[in-house]
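Sequential numbering from 108 applies to the sequence shown in my numbering. Below is one structure; the comments refer to it alone.
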Amino acid sequence: MSSKPSRCVVLFTLLAVAGCTSSPGKDFFTETIDSLHAKTSPLRAGYSGPAAVTSASNAAQRFNGAQYQGTGQFVSSGAPVTKVTGDGSGKFELNLVNAPIADAAKAVLGDALHLNYIVDPRVQGTVTLQTSQPVSQDALVDILQSALAVNAAGITSRGGTYQIVPLSEIMASTPPVSVPSTSPSGPGVKVQVLQLQFIAADEMKTILEPITRQGSVLRVDSTRNIITVAGSDSDLNAIREAVSVFDVDWMRGMSVALHPLKTSKPEAVAAELDSIFGTKEGPGAKLIQFIPNDRLNSVLVITSRPAYLARAATWINKLDRLAETNESQLFVYQIQNRPAKELASVLSSVLGTTVKTEGQSGGSNVSPDQTPIAMQSDGVTPAPLTGPSPSLPQQDNEAPAHATVVADVENNALLIQTTARDYQRIEQILTKVDVLPTQVMLEAVIAEVTLNDDLKYGLRWFFENGGTKVSVTDVAKAAAAATLPGFNWSYATDNIQVTLSALSKITDVNVISAPTIMALNNQKAILQVGDQVPILTQQSQDTGNGSAPIINSVQMKDTGVILTVTPRINNAGRVMLDIQQEVSNVTKTDSSDIDSPTIQQRKIQTRVLVNDGESLALGGLIQQNNSVDRSQVPILGDIPIFGNAFKQKNDTIRRTELIIFIRPHVVRDINEAREVTDEFRGKISLQTPIQKRRGGTKLQQDLKRLAY
């Protein structure tokens with residue numbers, strides 16, 4: 108056996124061992140030579156070379172050189188491509204480096220998951236997939252789909268086969284559409300329909316587009332508030348998670364407050380708050396909203412920061428208070444004691460304005476039962492609110508600007524359009540004039556006294572010359588005589604019943620009327636008992652047609668007993684009475700051929716002053732009626748000349764005088780009104796009917812209503 112082959116085997120063995128144990132810093136060739144030197148003996152001195160012929164043992168120790176073939180590559184190309192390996196528990200490790208997409212698909216879809224797949228030839232590129240620890244099948248698919256997305260490719264499923272196609276062709280392959288609860292499992296792009304609960308679909312799209320893959324949001328349905336998205340399972344999971352973060356009941360997180368305004372307009376306050384908080388442009392944009400509410404005259408505050416509510420409330424109160432001096436608004440003053448038109452007229456007089464009523468030039472924009480008062484007009488400066496009455500509160504000299512007052516007659520109220528500051532000043536005036544008015548209860552007796560021989564000079568002479576024991580006092584007879592000829596005296600008496608009883612003993616007394624009237628201070632009270640009589644006022648006929656009918660114009664005239672009294676009370680408790688009394692009778696017209704009755708009138712009109720509770724007697728209207736009564740003996744009275752002996756003629760002259768007794772009772776409040784009513788009720792017997800009697804000396808039945 109030759110020793111050369113043996114030495115070669117030994118050499119390569121040594122080289123292999125040396126290669127495994129080579130020290131750092133030395134190349135493979137150097138390490139091999141060093142190893143050979145360590146195993147051979149050094150040459151002896153005087154060695155001149157090998158002998159020409161050597162023995163077999165020497166041949167075994169001879170070294171003829173060594174050779175090692177290198178790779179010729181001096182840059183590392185990385186670790187070699189390996190397959191996906193499983194650990195037997197359903198988890199896998201990936202170690203794909205620069206693997207073509209087709210190889211990666213085979214390793215993941217084919218070898219690991221055992222799925223049928225197709226790779227579109229248009230999909231090119233390499234992927235590197237490595238995991239540091241085993242991952243599940245779902246994670247394995249997600250890793251592959253993420254790597255494919257980098258290469259503009261994706262996985263879609265059709266008929267149980269998965270296709271790797273360009274992303275632009277994904278939707279053309281009609282991926283499955285579902286809702287999250289029924290989404291199919293497995294790799295590939297899927298389409299899901301998400302139903303939003305609280306957030307608007309358009310707003311959700313705006314949120315998703317920056318944080319998802321381009322084209323992930325396919326469609327937005329604002330009507331049904333749904334959004335359609337597409338992507339892999341991991342993409343869809345991320346989208347659903349984002350939706351769950353933002354699709355919440357935002358109203359539960361919002362803080363809301365409603366602030367009513369006293370003087371300001373909601374639109375103006377909301378605009379000022381927008382500027383203060385910078386809701387349009389600034390750091391507070393969309394963090395807080397101010398919504399004006401005209402119906403409630405308030406501002407609605409909506410904010411995502413609860414702390415902003417207190418700040419907003421502070422500013423709203425400040426702005427509302429500042430606007431009291433110049434913000435016009437509508438106030439309603441409910442009148443308590445006076446008519447709306449009357450109080451409006453008084454207010455306009457105090458403020459130096461005019462009252463506009465329906466039908467005046469320029470028209471009116473209010474209903475007929477409402478009277479507007481123009482507080483200021485062009486070219487006219489209203490008088491200051493300081494009124495002439497000393498009882499009114501002192502005001503400054505500034506008049507209300509552009510204030511308007513409307514008298515609501517239907518509801519007896521005043522509608523005042525002005526600022527809050529001016530309304531406070533106007534309200535002070537109204538509270539002074541809108542007070543409970545003083546009332547006067549007027550007890551009157553209208554009687555007709557027949558003037559006989561004892562009274563032939565009239566009742567005035569009778570009272571002045573002591574014809575009765577009744578105490579009377581002359582009051583203002585000169586003024587009465589100058590005002591009304593024929594009505595020339597007035598007396599104050601203590602007791603009406605006693606006076607009438609005294610007169611009834613010497614003559615006939617006819618009580619025409621005995622009214623009791625309750626009248627407001629400075630208000631006219633009218634009592635009328637009688638008839639309306641038609642009076643012919645005009646006749647006309649067509650002169651061109653003799654047979655034309657005659658057209659008569661008729662006017663109705665009030666007759667009977669008409670009493671009109673206007674009481675005026677002063678601070679001393681005395682009552683001034685404006686009295687107008689009319690007693691009229693209807694008689695046949697004998698003085699002309701006019702077919703119309705004649706009205707006989709006795710009328711009194713005067714003004715007197717009397718103390719509270721004192722009776723006043725007014726008289727002096729004397730009327731004389733002349734009548735002729737003729738009678739005869741039948742047949743004999745008709746004989747000429749001698750018939751006069753059987754005839755009788757009586758000329759009767761009847762003179763009467765009208766006398767009026769009035770007693771006022773001042774009623775200042777409800778308690779006094781109740782007392783007067785109880786007193787009057789006690790004087791009248793409600794159990795016995797009142798019997799009216801006219802004429803005669805027995806006056807008791809006529810005076811049952813006047814139990815003084």
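For every residue, glycine included, the Cβ atom is placed at its ideal position computed from N, Cα and C.
query = So what does DSSP say about V542, is it helix, strand or coil?
reply = By 1-based counting over the sequence shown, the position of residue 542 is 435. Three-state result, V542: coil.
key: Close-in-space but distant-in-sequence residues of the same chain around I767 (CB under 6 Å, 5 per side omitted)   = Stepping through the sequence shown from its first residue, residue 767 is reached at position 660. Excluding residues within five positions, the ones whose Cβ falls inside 6 Å are I553, Q688 and L725.
request  = Tell me, to the nearest whole angstrom, how far the beta carbon of N258 is from that of I208; I am working on the premise that it is less than 8 Å.
outcome  = If you number the sequence shown from 1, residue 258 lands on position 151. If you number the sequence shown from 1, residue 208 lands on position 101. Indeed they touch by this definition, with Cβ atoms about 6 Å apart.
inquiry  = Please report the distance separating the alpha-carbon of R770 from that of N692.
reply    = In the sequence shown, residue 770 corresponds to position 663, counting from 1. In the sequence shown, residue 692 corresponds to position 585, counting from 1. Rounded to the nearest whole angstrom, the CA to CA distance from R770 to N692 is 26 Å.
ask   = For the alpha helix (DSSP H) that D515 lies in, which residues bound it at each end?
value = Translated into the one-based positions of the sequence shown, residue 515 becomes position 408. In the DSSP assignment, D515 falls outside any alpha helix (DSSP H) and lies within the beta strand (DSSP E) extending over T511 to D515.
ask   = Does the region 302-314 touch the region 330-339, meaning 3 or more C-beta pairs lie closer than 8 Å?
value = Flag = yes, the region 330-339 and the region 302-314 touch.
task = Taking the CB atoms as reference points, tell me whether R709 and Q731 lie closer together than 8 Å.
result = Locating residue 709 in the sequence shown gives position 602, where the first residue counts as 1. Locating residue 731 in the sequence shown gives position 624, where the first residue counts as 1. Judged by their CB atoms, R709 and Q731 are not nearer to each other than the 8 Å cut-off.
query = CA-CA distance, I536 and A430?
reply = Locating residue 536 in the sequence shown gives position 429, where the first residue counts as 1. Locating residue 430 in the sequence shown gives position 323, where the first residue counts as 1. Approximately 23 Å, taken between the alpha carbons.
task = Quick one: grab the DSSP three-state call for F305.
result = Taking the first residue of the sequence shown as position 1, residue 305 is located at position 198. Of the three classes helix, strand and coil, the one that applies to F305 here is coil, per DSSP.
inquiry  = For I306, which residues in the same chain have their Cβ closer than 6 Å to its Cβ, ignoring the five residues on either side in sequence?
reply    = What you label residue 306 is simply residue 199 of the sequence shown in a count that begins at 1. Around I306: F353 and D354.
Rounded C-alpha distance that separates G727 from L610 = Start at 1 with the first residue of the sequence shown, and residue 727 comes out as number 620. Start at 1 with the first residue of the sequence shown, and residue 610 comes out as number 503. Looking at the backbone, the Cα of G727 and that of L610 are separated by about 15 Å.
ask   = Around the C-beta of H772, are 16 or more other C-beta atoms found within 10 angstroms, so that it is buried, or is it exposed?
value = As a position in the sequence shown, residue 772 is number 665, starting the count at 1. In summary, H772 is buried, with 16 or more beta-carbon neighbours lying within 10 Å of its beta-carbon over all protein chains present.
message = In whole angstroms, give me the CA-to-CA distance for L325 and T313.
response = Counting from 1 along the sequence shown, the entry for residue 325 is found at position 218. Counting from 1 along the sequence shown, the entry for residue 313 is found at position 206. Roughly 13 Å separates the two Cα atoms.
request  = Starting from the Cα of V715, find the closest Cα among S738, T696, V682 and P741 and give me that residue.
outcome  = The residue given as residue 715 occupies position 608 in the sequence shown. Per the Cα distances, V682.
message = For Y269 and L407, I'd like the C-alpha separation in whole angstroms.
response = If you number the sequence shown from 1, residue 269 lands on position 162. If you number the sequence shown from 1, residue 407 lands on position 300. It is roughly 57 Å from the alpha-carbon of Y269 to the alpha-carbon of L407.
ask   = Comparing alpha-carbon positions, which option in L558, Q645, L343 and I676 lies nearest V547?
value = Translated into positions along the sequence shown, residue 547 becomes position 440. Of L558, Q645, L343 and I676, the residue nearest in Cα terms is I676.
query = Where P294 and L343 are concerned, what is the direct C-alpha to C-alpha distance, given to the nearest angstrom?
reply = In the sequence shown, the residue the question calls residue 294 occupies position 187. In the sequence shown, the residue the question calls residue 343 occupies position 236. Taken atom to atom, the span from the alpha-carbon of P294 to that of L343 is near 12 Å.
task = State whether the region 438-454 contacts the region 399-416, with contact taken as three or more CB pairs (one from each stretch) at a distance under 8 Å.
result = Flag = no, the region 438-454 and the region 399-416 do not touch.
ask   = Considering only C-alpha positions, which residue in the set T614, Q531 and I250 is nearest to K563?
value = What you label residue 563 is simply residue 456 of the sequence shown in a count that begins at 1. For the residues T614, Q531 and I250, the minimum Cα distance to K563 belongs to T614.
query = In its own chain, which residues sit with a C-beta less than 8 Å from the C-beta of G267, not counting the 5 before and 5 after it?
reply = Locating residue 267 in the sequence shown gives position 160, where the first residue counts as 1. Once the five neighbours on either side are set aside, the close Cβ partners of G267 are N223.
ask   = Which residue or residues does DSSP assign as beta-bridge partners of Y440?
value = Position 333 of the sequence shown, counted from the start, is the residue given in the question as residue 440. Among the bridge pairs identified by DSSP, Y440 is matched with L521.
task = Measure the CB-CB distance between V672 and A626 and report whether it falls below 8 Å.
result = As a working mapping, residue 672 is identified with position 565 in the sequence shown. As a working mapping, residue 626 is identified with position 519 in the sequence shown. In this structure, V672 lies near A626, with their beta-carbon atoms less than 8 Å apart.
inquiry  = Quick check: what's the CA-CA separation for V457 versus I686?
reply    = Here residue 457 refers to the residue found at position 350 of the sequence shown. Here residue 686 refers to the residue found at position 579 of the sequence shown. The straight-line gap separating the alpha-carbon atoms of V457 and I686 is approximately 29 Å.
key: Three-way DSSP call (helix, strand, coil) for S275 in this model   = Translated into the one-based positions of the sequence shown, residue 275 becomes position 168. Helix at S275.
ask   = Would L643 pass as a contact of V616 if the rule is Cβ separation under 8 Å?
value = The residue you call residue 643 lines up with position 536 of the sequence shown. The residue you call residue 616 lines up with position 509 of the sequence shown. No, the Cβ-Cβ distance between L643 and V616 is not below 8 Å.
request  = Please report how far the alpha carbon of P228 lies from the alpha carbon of T263, in whole angstroms.
outcome  = Here residue 228 corresponds to residue number 121 of the sequence shown, with the count starting at 1. Here residue 263 corresponds to residue number 156 of the sequence shown, with the count starting at 1. Their backbone Cα atoms lie some 15 Å apart in a straight line.
query = Does the region 510-528 come within contact of the region 736-747, defined as at least 3 CB pairs closer than 8 Å?
reply = No: the two stretches stay apart, fewer than three of their Cβ pairs being nearer than 8 Å.
request  = Mark P373 as exposed unless 16 or more other C-beta atoms lie within 10 angstroms of its C-beta, in which case mark it buried.
outcome  = As a first step, residue 373 is located in the sequence shown; it is residue number 266 there, counting from the start. With 16 or more other CB atoms across the displayed protein chains lying within 10 angstroms of its CB, P373 is buried.
Contiguous beta strand (DSSP E) assignments of at least 3 residues, all confined to the region 640-728 = DSSP runs (the beta strand (DSSP E)) wholly in the region 640-728: 658-665, 667-676, 682-694 and 705-717.
Classification of S411 by the beta-carbon crowding that lies within 10 angstroms, buried from 16 upward = On the sequence shown, residue 411 is found 304 positions in, with the first residue counted as 1. By the neighbour-count rule (16 or more Cβ atoms within 10 Å), S411 is not buried but exposed.
query = CB-CB under 8 Å to T545, same chain, minus the five flanking residues each way: which ones, in chain order?
reply = Your numbering for residue 545 matches position 438 in the sequence shown. Residues of the same chain with a CB within less than 8 Å of the CB of T545, apart from the 5 flanking positions on each side, are L627, N628, I676, V773, V774 and R775 in chain order.
inquiry  = With the cut-off set at 8 Å, would you say E721 and G565 are in Cβ contact?
reply    = Sequence index remark: in the sequence shown, residue 721 carries index 614 (1-based). Sequence index remark: in the sequence shown, residue 565 carries index 458 (1-based). Between E721 and G565, the gap from beta carbon to beta carbon reaches 8 Å or more.
key: L450, enclosing alpha helix (DSSP H) - first and last residue   = Position 343 of the sequence shown, counted from the start, is the residue given in the question as residue 450. That run of the alpha helix (DSSP H) goes A447 to L458.
key: Bounding residues of the beta strand (DSSP E) (the contiguous stretch that carries N205)   = Position 98 of the sequence shown, counted from the start, is the residue given in the question as residue 205. Here the beta strand (DSSP E) through N205 covers N202 to P207.
ask   = Nearest-angstrom Cα distance between Q502 and S452?
value = Start at 1 with the first residue of the sequence shown, and residue 502 comes out as number 395. Start at 1 with the first residue of the sequence shown, and residue 452 comes out as number 345. Confidence is the limiting factor: at Q502 the pLDDT is only 44, short of 50, which leaves the residue's position unreliable, though a coordinate-based value still follows. If I take the Cα positions, the gap works out to 20 Å.
query = What residue range is occupied by the uninterrupted alpha helix (DSSP H) comprising L425?
reply = Working through the sequence shown from its first residue, we reach residue 425 at position 318. Here residue 425 is Lys; the residue named in the question, Leu, does not match the sequence. Unbroken alpha helix (DSSP H) run through K425: A414 to L429.
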